[in-house]
Each structure stands twice: as C-alpha cells, then as structure tokens.
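Numbering (the numbering used here), first residue to last: 2 to 312.
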C-alpha cells in the first residue's frame with residue numbers, strides 16, 4: 002500500500018517548515034502545523050497551513066508529522082510529546098540536523114509507542130526545499146519506502162535512501178562539512194580576488210571554467226558579490242551544525258581541523274552581529290568592505306522563528 006496520508010502535520014514552522022508546507026500544499030496535501038512563534042504561524046497560515054495548538058493536536062489528526070525544529074533538545078521534546086498519545090499517528094519524519102544520539106533517542110521514544118520513524122534532513126536552502134531542488138537524505142527501514150514512497154517524493158523529489166533510521170543525519174553532517182567549507186573557501190577566494198582588483202562576477206566565471214569550481218559558485222557566488230544576505234538559511238544555524246560535526250568527529254577520534262577553523266570564522270561573523278543573515282554573509286566576516294552592508298541588513302534582534310523550536 003502506498004496511499005497518501007489524509008493530513009500531514011509540521012511541527013516547527015520556521016524557514017524549513019514553511020518551505021515544506023509550500024511543497025506539500027503544491028502537491029495537493031492537507032497540511033496542519035504548530036509553532037510557538039506568532040510570526041511563523043502567520044507566515045504558515047498565508048501558505049494555507051491549518052494551525053493547531055500543539056504536538057498533541059497534530060498527533061490526534063495527522064497520520065504523518067514532519068519535525069522541523071532547531072536542535073537536539075527540541076527534537077527529543079517533540080518526539081516525547083508526539084509519543085505521549087499517538088492517536089492516529091503512524092509515522093514521524095525528522096528533518097532536523099541533529100546529533101546521531103538525539104536522532105536515535107527520538108526513534109526509540111516513538112517506536113516504543115508503535116510509531117514509525119524516519120530521518121530525512123535536507124541539503125539546500127529553504128528556497129531550494131520549496132522548489133523541490135534540495136537533496137533529501139533518507140534514513141528509513143525498507144518497508145517504509147513501500148508504504149510511504151510517494152510521500153517521500155512529494156517532500157523531496159531528489160531524495161536518496163542512505164540507510165536505516167539515523168543514517169540520514171549521519172550523511173547530512175558529513176555533507177554539511179563539505180558544503181560549508183566549499184562556501185567558506187569561495188568567500189575567502191572572492192574576497193582576495195576583489196581586493197586584488199578583479200571584478201567579482203568575472204572571477205566567478207573564471208572559477209566555473211577552472212578546477213576550483215564547486216556548486217557553491219552558482220548557489221552563493223552572485224549573492225556574495227551583490228552583498229544580498231537575505232536569509233534563506235542562517236549563519237547561526239550552520240554554526241550549530243558545525244558543533245554537531247565537531248562533536249561527532251571528537252567521538253570518532255577525528256581531528257577536523259578545517260571545520261574547527263570554519264567554526265571560528267562563523268563565531269567571528271556572529272560576534273559582528275551577522276548570525277541571523279544568510280550563510281553567504283560569511284564573506285562579510287572576511288571582507289571589511291562587505292561588513293557594513295551586512296550589518297545594515299541584519300535584524301535588530303533575532304527573529305522569533307529562529308528559536309530552539311523551529312528551523
């Protein structure tokens with residue numbers, strides 16, 4: 002059986018939750034959601050999301066709930082709330098970039114109450130997620146592919162099944178390490194090129210024809226040159242991911258020196274007030290000329306949906 006669920010819940014209506022809501026609505030699904038942030042709820046309501054009070058309400062009316070929160074603590078709290086009284090709930094899909102241990106803990110809490118669990122963190126910005134251009138890294142038992150395969154495609158047409166539960170987040174952390182370093186290397190190279198007098202856009206064209214090319218050139222390059230730091234992702238959130246990566250590396254006996262240097266660079270950006278800007282604003286922590294423009298674009302305070310309960 003591979004029939005679509007009657008209603009899909011989204012727990013956490015920040016950037017990722019809103020992007021997934023837009024995707025699922027475009028695919029014809031009924032979507033309900035909750036978030037403590039009034040601004041996140043308002044944005045989701047505009048997308049056609051039916052707002053409910055809390056996780057218990059989602060478990061009451063939804064067969065499937067997507068968890069789109071910020072960190073380990075929020076993921077475990079959501080899993081516990083959903084497991085408390087599952088009602089009609091059959092499957093929880095975590096889209097959280099969390100630690101391996103927290104993901105395993107969430108799966109255990111839900112499995113004990115008869116609820117299936119999959120982890121499907123997404124590689125890409127909220128814009129790419131909404132447009133179906135992100136890459137989903139699915140950790141799930143094979144039988145869940147048979148039962149929910151069409152839903153996984155609706156969530157992320159480009160998903161890849163990377164193993165059992167918990168392997169999605171393992172793959173996401175390793176991919177995020179490479180992704181972040183590619184972006185930081187682009188920012189540093191672009192800062193050097195423009196400081197030496199090269200035209201930024203022409204330098205991006207050179208990179209596209211050179212062995213130094215990575216997809217970061219196409220995804221982030223023009224925005225770095227134009228100093229457009231409107232958030233489709235956030236420096237602060239990626240810094241959280243780097244903490245997870247460094248933690249997993251330490252537990253595995255790996256000295257991830259480049260990632261440690263990247264974390265220090267993001268710490269500098271956050272100290273300059275850039276933490277709630279898009280990840281492309283990392284260039285402003287390197288290039289003095291970009292810093293004033295970035296600070297002008299930074300919100301006066303952290304947005305409400307950048308709380309531990311939404312991502």
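We put the beta carbon where it would ideally sit given N, CA and C, even for glycine. Because the structure is a prediction, the values reported are computed rather than measured.
Distance between beta carbons of residue j and residue i, contact taken as under 8 Å
i: residue 128; j: residue 233; result: 5 Å
i: residue 61; j: residue 31; result: At roughly 14 Å, the Cβ-Cβ gap does not stay under 8 Å, so residue 61 and residue 31 are not in contact.
i: residue 162; j: residue 146; result: 6 Å
i: residue 187; j: residue 222; result: 6 Å
Residues near residue i by beta carbon distance below 8 Å, same chain, minus five either side
i: residue 261; result: 247
i: residue 158; result: 133
i: residue 160; result: 121, 136, 137, 138, 139, 153, 154
i: residue 113; result: 84
i: residue 216; result: 183
Same chain, Cβ closer than 6 Å to residue i, five either side skipped, listed in chain order
i: residue 208; result: 214, 218
i: residue 294; result: 228
i: residue 318; result: Because the chain in this structure spans residues 2 to 312, residue 318 falls outside the shown range and cannot be described.
i: residue 16; result: 127
i: residue 44; result: 19
i: residue 55; result: 35
Cβ-Cβ distance between residue i and residue j below 8 Å
i: residue 267; j: residue 240; result: yes
i: residue 136; j: residue 117; result: no
i: residue 278; j: residue 299; result: yes
i: residue 69; j: residue 18; result: yes
i: residue 272; j: residue 282; result: no
i: residue 72; j: residue 99; result: yes
i: residue 50; j: residue 14; result: yes
i: residue 105; j: residue 164; result: no
i: residue 57; j: residue 82; result: yes
i: residue 205; j: residue 96; result: no
i: residue 11; j: residue 90; result: no
i: residue 243; j: residue 176; result: no
i: residue 259; j: residue 182; result: yes
i: residue 236; j: residue 178; result: no
i: residue 84; j: residue 59; result: no
Euclidean distance between Cα positions of residue i and residue j
i: residue 169; j: residue 198; result: 43 Å
i: residue 202; j: residue 185; result: 17 Å
i: residue 297; j: residue 189; result: 21 Å
i: residue 280; j: residue 65; result: 31 Å
i: residue 140; j: residue 36; result: 25 Å
i: residue 63; j: residue 33; result: 8 Å
i: residue 305; j: residue 238; result: Bear in mind that a pLDDT of 37 at residue 305, under 50, signals an unreliable position, so the number given afterwards is only what the model happens to contain. Approximately 14 Å between the Cα atoms of the pair.
i: residue 119; j: residue 9; result: 15 Å
i: residue 289; j: residue 220; result: 22 Å
i: residue 191; j: residue 102; result: 38 Å
i: residue 131; j: residue 47; result: 15 Å
i: residue 155; j: residue 23; result: 11 Å
i: residue 151; j: residue 25; result: 12 Å
i: residue 287; j: residue 301; result: 22 Å
i: residue 255; j: residue 172; result: 16 Å
i: residue 265; j: residue 29; result: 44 Å
i: residue 149; j: residue 245; result: 29 Å
i: residue 212; j: residue 109; result: 45 Å
i: residue 196; j: residue 285; result: 13 Å
i: residue 77; j: residue 251; result: 22 Å
i: residue 200; j: residue 230; result: 19 Å
i: residue 253; j: residue 142; result: 25 Å
i: residue 249; j: residue 144; result: 29 Å
i: residue 313; j: residue 86; result: Any property of residue 313 remains undetermined from this structure, which presents the chain solely from 2 to 312.
i: residue 226; j: residue 115; result: 51 Å
i: residue 94; j: residue 210; result: 40 Å
Minimum Cβ-Cβ distance from residue i to chain C less than 8 Å
i: residue 102; result: Among the chains of the structure shown, chain C does not appear; only one protein chain is present.
Cβ shell of residue i (< 7 Å), same chain only, five flanking positions each side left out
i: residue 303; result: Here the model assigns residue 303 a pLDDT of 46, short of 50, so the residue's position is not dependable, and the following value carries that caveat. So the list reads 277, once near-sequence residues are dropped.
i: residue 263; result: 181, 182, 185, 243
Proximity test, residue i beta-carbon vs the ligand FAD heavy atom, cut-off 7 Å
i: residue 282; result: You won't find the ligand FAD in this model; it holds no ligand whatsoever.
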